[in-house]
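What the sequence shown shows, in the UniProt record's numbering, is residues 1 to 1109, in sequence order.
Below you'll find the structure, written out as structure tokens, and then a few comments.
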Amino acid sequence: MRMERTSTSFPSSTPQWKYDVFLSFKGEDTWKSFTDHLYTALEHHGILTFKDDPELQKGKAISPEIFTAIQDSRFALIVLSKNYAASTWCLDELLKILECMEARETVLPIFYEVNPSDVRKQTGNFTEAFTKHEENFRNDLQKVQRWREALTKVANLSGWDSKDWYESKLIKNIVELVWKNLRPTLSSDEKDLVGMDSRLKEINLFLDGRVEDVCFFGIWGMGGIGKTTIARVLYERISHEFEFSIFLANVRNNFVQSGLSHLQKQLLSKIGIEKEYIWDIGEGVKLIKRFLRHRKVLLVLDDVNHLDQLEYLAGNREWFGFGSRVLITTRDEHLLITHGVDRTYEVQGLSDHEALQLLSWKAFKRDYPEQSYVDLCNCVVDYVRGLPLAVKVLGSFLHGRDLSAWKSALDKLREVCNLDILETLKISYDGLDYDEKKIFLDIACFFNWKGKDRVRETLDACGFYADIGIYVLVEKSLLTNSDGILWMHDLIQEMGREIVRRESPDDLGRQSRLWRRKDVDQVLSENTVRDSSTGLTLDFIYTIEGIMVHPFELELVTANARSFSMMNKLRYLKLNNVDLSNGLEYLPDSLRILEWPKFPLKYLPSSFNPEDLIELNMHHSCLNHIKPIKSLKMIDLSHSLSLVKTPDFRGIPVLERLILKGCIRLYEIDSSVVVLKRLTLMNLKDCKNLIRLPSSVRGLKSLKVLNVSGCSKLEKLPEDLGHVEGLEELDVSGTAVREPPSSIGLLKDLKVLSFNGCKGPSSKAWNIMLFPFRPRPLLKVSPNATALWLPSLSGFRSLTELDLSDCNLLEGDIPSDLSHMSSLKFLYLSGNPFASLPSSIAQLSQLESLAVGNCPKLQALPDLPSSMSSVEAYNCNSLGTSSADIVKFLRSGFKFTGSQCDFVVPGNEIPEWFNHKSAGSSITVELRPGWFSDKWMGFALCAVFGQLRPDFILCELSVNGKRLEEKVALSCWLGSIQAAAKSGHLWLCYLSRHKNFVSEWQNIHTRLEFSFPSLRGRVEVEKCAVCLVYEEDVEVPLKQTYPRQSRVDICEEVLEFPESSFEKADGIAKRGCEYFDVVAGPSQTQSQGERDRTTSIDEERDPKRSKQH
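See the structure below:
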């Protein structure tokens, strides 16, 4: 018996449960197996679970703590195993669970290796248990009866029967159900949502997911009023009602920093579309429309400030499927009106009562203030004017302070009447010490939305105590650390910048920080140092500590040779597009960060000798060389086309990152690089004239990544490279390296290795590289046999990615024993002339992707491991010399229950075993009663198209005239296939019912239409076909379920489909046509003979199958 659990509806406001789940189980049965796996999965998903110690279950009396945990739990998961009823502890737990949770329907039974009927009737294993209970409790048989009744009740609840599931699938389903029902209750901390329910009431009505129309809704108001909070709570409460839920936070900031295409990629990544397919914003629009227009979507665009953001992310209602909701937050109501949203909502401030409650939570950690503070709290409420962010900041600032501090703070507020919100927020700033204020202003002006590690490193270099300073700012609600990213609310950032502006409102040169390009231009262009005798010196600008201009601001900044001469406190300098036609005589030695892309001069000023500079980023510069700076941790001179030499690295002992990619005049790396014991990254990609690396790199103890790809004149790697024991990534693609160093096998931590395009190495060289240990005696097959090296591969146990594409590997060059590369996930062998692959590939249990495209001599693929999710084998002209191989691959796709398998081959005719064919790009069929059974596996489909062009070809499904793209989401990218441009091609694919179809289709007389459009209209499907696939059609029994989505892309130059080649597949055709008719219509060209054949097959249907249905 398999019992399904339906979703439960929950109120918007819920009790404050201590635990999400109480886990009841019999320790000796499942503690170290199923229960442990279930508990781990629950915890992994952030579901707080109570699991008592099985050792305690050996006692006779259940502890009060267990009863309390049951009362404090939202759900109970009861693992009913064979000895569950033997434990009085478990039975008492069960009584308490039913007492607490039965009424609210949150008891979820799992029948683990027991029959639910045995639980219900106390038979089987349960008989013996209750016989003993009745003997042991003969003086209290009523208790035994209560236990019986409890088991009967729980057995009548819907739950899971383990015999109907693979264990991993069972646990996944349980966790998904619990998570789905918890999500509506998992919104932000209730005490931070004061007044939220009243504000959501009107919005909830409008966003009702049962309304089929596509609705655009705008939330607008001033900064800090709570727009994002409302949007986030709405998202958390209703997202489970939609097929896709996407929350794009901080659109305005991402738009400025990364542009619209980045936002489009971010949106599409939420639905699994690879970012590489987006080349420009127009392409992004097409993809968004294509993949969302038939899906029910909840899309939140948070903090929109430009009409382009709306037009290119959510252009109009036709972009989305029925019932979709697009929620937009912005400060600008006019944007919403211009875009034509259906309705807008202006967020109002908190009422006095709500503000007082929120203030109390922040200042006193309870919902009402202490009596002696009531009047002062009312004064604060009057002051904040209902602004939630101001309430939170002031409440946090005043938390734990005595009455005199409160009065002093309020007195300070009263001194500055008519203060706006920014000045209100400054109260928290005033509570910081000197270093904390510096840190706050640096982040507000320069480092908002930056990585915590980089910010901390920079601030530490300035002499600040960054760790404790950042902690204090977070504690005082001035800063948030989200997954390693530091950010502050717009109003708080604006407050910080306003503080800087007020340092000298009429004189930019006296401000400590500059970030607007026009201000920087004014200061640098007007700073003309003259002889002191004139009295016109510019010592007033010495207070500037930082200048950072965003790289997206492209206006030219004009500077003169002495623009920085008096800025002896300058710590950060980030400029681009600067006119230095008069040269540059001075840079301040106080700099910690120098970021100046496209620096137009050949040298830095000779007087520049910084002692604390940690980051030098001058990519695309005209620098000829740089001198050593001992404090540097990062050098990036990428694409500096005039760079001819590297510095003496002995003068840069703490360097951690060296990035010189694209420096095409660089011939060598100074041998002193070996002293850099802290170096973790060396990127020399595309240094096309680099001819040598240092002969020894043994001293690079910390190196993790070495990239010399594209160094086309580099012929040799250092012999002792294998002694860089911590190396994790080595990319030698596109070099002239003819033989890898013999020590390479010592790199035990290596995870990524690429020799793509290295055509020089001989077979022995590759064997030495891959098999560097313990050579065995040669296997003499013939006098001309190639020497094979067959030692241990233990040195590459950490390798996850190996790329030997375009390496001129001949037959036998790939070692036969690959199985010891136990961590390998990605294997790229494209562009090689070998004829076969080692059968040991099947033993790579972690392998997910295999690429063998453009291997013209490859004749067959070996058996592949079940972990595979992608095989690319395009342009393999010799692969599969008969179409029987194609059938083999199609059938191999059938083995992966719950998968899809597809491939492309040249050809113009649909294989004969497809009995249901149609001209054009769609085919419509009528499913007959009885077509659905447990043995039905899915659909086999075929589409014939003409000239190949780079495009996506899609498979879409309509049921009874309604498009159901969510049921079939199969697509094939044709851009990498380079077969004969004028030849026809077939797209053959298999759609598993386990992935694309559901049980409610059973016994429904249904009209289906499969269509095959192309995304950009570059490929035209000329004809198509479909047939049903049943379990008996597959040669290999379906004994195993694989969770991955399999994908095989194959293309051949020449491939014929003679009828005899498909004799073994004829059974598919016969069974596949029994249960549907092809509907006649404008696109239907089925011959009379084919229709007669369909009728005769239906009349001669297998009597056993007829009986089954």
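Glycine included, C-beta positions come from ideal geometry on N, C-alpha and C.
To the nearest angstrom, report how far apart residue i and residue j are at their CA atoms.
| i | j | result |
| --- | --- | --- |
| H489 | E595 | 26 Å |
| S360 | D302 | 29 Å |
| I547 | R501 | 14 Å |
| L358 | V520 | 42 Å |
| K1023 | V944 | 5 Å |
| D20 | M222 | 37 Å |
| D286 | R993 | The residue you asked about is not Asp; residue 286 is Lys in the sequence shown. Cα-Cα distance, rounded: 29 Å. |
| D460 | G400 | 29 Å |
| N707 | H262 | 26 Å |
| S621 | L643 | 9 Å |
| R530 | L508 | Residue confidence for R530 is low, a pLDDT of 37 falling below 50, so the modelled location carries little weight and cannot support an answer. |
| A69 | L91 | 16 Å |
| Q914 | L957 | According to the sequence as given, residue 914 is Phe; it is not Gln. Spanning the two alpha carbons is a distance of roughly 18 Å. |
| R1044 | E1031 | Note that R1044 has pLDDT 36, beneath the 50 cutoff, so the model's placement of it is unreliable and no number is given. |
| S408 | V214 | 53 Å |
| K18 | C100 | 14 Å |
| F67 | K32 | 24 Å |
| I544 | Y471 | 26 Å |
| L403 | G469 | 26 Å |
| K132 | R138 | 10 Å |
| F364 | C377 | 11 Å |
| V1054 | P862 | Annotation note: pLDDT 32 at V1054 (below 50); position unreliable, no value reported. |
| E912 | F903 | 18 Å |
| S258 | L864 | 41 Å |
DSSP three-state label for residue i, please.
| i | result |
| --- | --- |
| L690 | coil |
| W220 | strand |
| I97 | helix |
| V871 | strand |
| K51 | strand |
| T229 | helix |
| Y368 | coil |
| A314 | coil |
| G451 | strand |
| M567 | coil |
| Y235 | helix |
| E498 | helix |
| G745 | helix |
| S396 | helix |
| A731 | It is worth fixing the name first, because residue 731 is Asp in this sequence and not Ala. Note: D731 maps to strand in three-state DSSP. |
| I953 | strand |
| Y19 | strand |
| H240 | helix |
State the CB to CB distance for the pair residue i and residue j, rounded to an integer number of angstroms; the pair is presumed to be in contact (CB under 8 Å).
| i | j | result |
| --- | --- | --- |
| I593 | I614 | 7 Å |
| I923 | S1014 | That belief does not hold up - the Cβ atoms of I923 and S1014 are roughly 16 Å apart, past 8 Å. |
| P694 | S671 | 4 Å |
| G218 | I328 | 5 Å |
| A851 | S836 | Not confirmed; about 16 Å, so no contact. |
| L108 | L77 | 5 Å |
Run through the stretch 611-653 for me and flag every whole beta strand (DSSP E) of 3 or more residues, listed as ranges in chain order. 615-617 and 634-636
Decide if the stretch 1009-1023 is in contact with the stretch 947-961; the criterion is three or more beta carbon pairs, one per stretch, under 8 Å apart. yes
Of all the beta strand (DSSP E) runs that stay within the bounds of the stretch 572-608, which reach a length of 3 or more residues? 572-574 and 593-595
Assess contact between the stretch 292-308 and the stretch 237-245, defined as three or more Cβ pairs (one per stretch) separated by less than 8 Å. Is contact present? yes
Pairing CB atoms from the stretch 653-670 with CB atoms from the stretch 633-641, are three or more of them under 8 Å? yes
Using a Cβ distance threshold of 8 Å, determine whether the stretch 80-92 contacts the stretch 125-138, with at least three qualifying pairs required. yes
Would the stretch 424-438 and the stretch 492-499 be scored as touching if the rule is three or more Cβ pairs under 8 Å? In this structure the stretch 424-438 touches the stretch 492-499; the number of beta carbon pairs closer than 8 Å is three or more.
Quick test of the definition: if touching needs 3 or more C-beta pairs under 8 Å, does the stretch 335-351 touch the stretch 306-321? A contact exists between the stretch 335-351 and the stretch 306-321.
Are three or more beta carbon pairs between the stretch 380-398 and the stretch 222-236 nearer than 8 Å? yes
List, from N- to C-terminal side, the beta strand (DSSP E) runs of 3 residues or more that fit wholly inside the stretch 283-369. 297-304, 325-330 and 343-346
What ranges does the alpha helix (DSSP H) occupy inside the stretch 142-201, keeping only unbroken runs of at least 4 residues that lie completely in it? 167-182
Evaluate the contact criterion for the stretch 158-172 versus the stretch 104-114: three or more CB pairs, one atom per stretch, below 8 Å. yes
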